[in-house]
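**Student:** FYI, the numbering for the sequence shown is 33 to 119, going by this note's numbering.
Let me give you the structure first, and then I'll get to my questions.
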Amino acid sequence: MLIVISNVRKKVISVVKGVILLALLSATGVGLATLYQAYAPALSTWIEEESAKVGPMDAEPLEKSWFDQKMDQYVIKLQDLYYQEQE
């Protein structure tokens, strides 16, 4: 039994092009993975350093001064007064 395929040359060329394209894509993927592995330690170190920095809005001080305590009490009293007036 013999199967006759028309345009054999075109089909073989298209298959070869597909194989070459897949080989190039896989080589590109391997190259990108290698670059990522080379720069990953630097990126992770930078992220750790940035997350360790504490900005003015990130955290409150553990010990509040007398002024801070009085200001907090004042704000709470104002909030209570505001909510009482709304009811």
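For glycine and all other residues, C-beta sits at the position ideal for the given N, C-alpha and C.
For clarity, every value in this text was computed on a predicted model and none was experimentally measured.
To the nearest whole angstrom, what separates the beta carbons of residue 43 and residue 37, a pair I think is in contact under 8 Å?
**Tutor:** Contact flag correct, Cβ pair sits at about 7 Å.
**Student:** From residue 78 to residue 49, what does the alpha carbon distance come to, in whole angstroms?
**Tutor:** Taking the straight line joining both Cα atoms gives about 42 Å.
**Student:** So what does DSSP say about residue 37, is it helix, strand or coil?
**Tutor:** Correct three-state label for residue 37: coil.
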